[in-house]
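Taking the numbering used here, I'd label the letters of the sequence shown as residues 20 to 255.
Beta carbons: idealized from backbone N, C-alpha and C, even for Gly.
Structure first, commentary second.
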Amino acid sequence: MILNKAATLTKGFAAALLGTFFLTSCDQLGDLDGVIPGGGSGGGGNSQMKMYKVQLNPLNNSGVTGTATVMMNEDGEFEVITDVMGLAPSMVHPQHIHGFVMENMADKDAMCPPPSAAGADGLLTLEDGLPFYGPVLIPLDDKLVPLTADNFPIATSAGTISYGGKVMTSSLVSAFDAMHNGTQTEKDLELDKRVIVIHGAYVYYDKVVPADSREAKWAEYQPTLPVACGELVEMK
Ligand SMILES: [Cu+2]
């Protein structure tokens, strides 16, 4: 009974979020048109189309799978689409582009952690995975920029997420640069060295349990727990 009530509330919340999402992205693009003059950081003229595909595979035996696409188009826009299934329904699922940014050397290639990264308890926490996928670079939330986490998508009652986020590549690079050593350019996004990680699951005695299982009644929802991961692969 209590669970049902929570789910209904969350759905209302999701609808509200969805509303703000569209408003925000339109506002944002409108603002940016005004803010970035012709001679802005990079401009749109020399941007070339790039597309990356991601196959999302389960972590923590979550059963979560999906695909993602990351694009930088000729109009100077950066766009991310994620389609995920098998998620805990009606719950928030943080999702990020993770990777390593190091000064004065080529960035280390991020990868999805092997099961052995989980350690003795068998549960792969956010921290357990960091040596493999690195820290959060870009939160795939309702705004993308700023690079601080805002509203992440909430799964449908069927446990799916279809997310789309778009921002001007130049504003993403500016934000990325400000978060790092101040010399970043578009090429330093190095998307082919990044991974996407999806988070959020019910955990019961160090195991991910399905939301409709008996155990889930006593399980704790851990929004940061990694449930799926995939490497960005450039399409040429
Ligand atoms: Cu993440």
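Annotation: the stretch 189-224 contains the following complete segments of the beta strand (DSSP E) (minimum length 3 residues), in chain order: 214-223. Here Lys127 carries a coil assignment [DSSP, helix/strand/coil]. The beta carbon of His199 lies closer than 6 Å to those of Val120 in the same chain, with the five residues before and after it left out. A direct Cα-to-Cα measurement between Asn80 and Val89 gives close to 25 Å. Counting only residues of its own chain and dropping the five nearest sequence neighbours on each side, Asp196 has a CB closer than 6 Å to the CB of Gln203. Relative to the non-hydrogen atoms of ligand 1, the Cβ of His112 never comes closer than 8 Å to any of them. Across the structure, Val252 and Thr243 are spaced so that their CA atoms are roughly 24 Å apart. In the structure shown, Gly105 adopts coil according to DSSP, grouped into three states.
Inter-segment contact for the stretch 107-120 and the stretch 166-181 is present: three or more beta-carbon pairs are separated by less than 8 Å. With a 10 Å radius around the Cβ and a threshold of 16 neighbouring Cβ atoms, Ala168 comes out exposed. Taking 3 residues as the minimum length, the beta strand (DSSP E) runs contained wholly in the stretch 143-177 are 155-158, in order along the chain. For His218, the CB falls within less than 8 Å of some heavy atom of ligand 1.
If you check the CB distance, Tyr223 and Ala235 come in under 9 Å. For Leu244, the distance from the CB to the nearest heavy atom of ligand 1 is not below 8 Å. For Val155, the shortest separation between its Cβ and any heavy atom of ligand 1 lies below 8 Å.
A distance criterion of 8 Å places the beta-carbon of Leu145 in contact range of ligand 1, judged by its closest non-hydrogen atom.
Take Met70, set aside five residues on each side of it, and the residues of its chain with a beta-carbon closer than 6 Å to its own are Met90 and Met254, in chain order. Burial check for Ser232: the Cβ neighbour count within 10 Å stays below 16, so the residue is exposed. By the criterion of a C-beta distance shorter than 6 Å, Leu142 is surrounded in its chain by Asp225, once the five residues flanking it on both sides are discounted. Taking the CA atoms as reference points, Val214 sits about 32 Å from Trp237. When secondary structure is reduced to three states using DSSP, Pro229 falls in the coil class, being assigned neither helix nor strand. Of the heavy atoms belonging to ligand 1, at least one sits nearer than 8 Å to the Cβ of His115.
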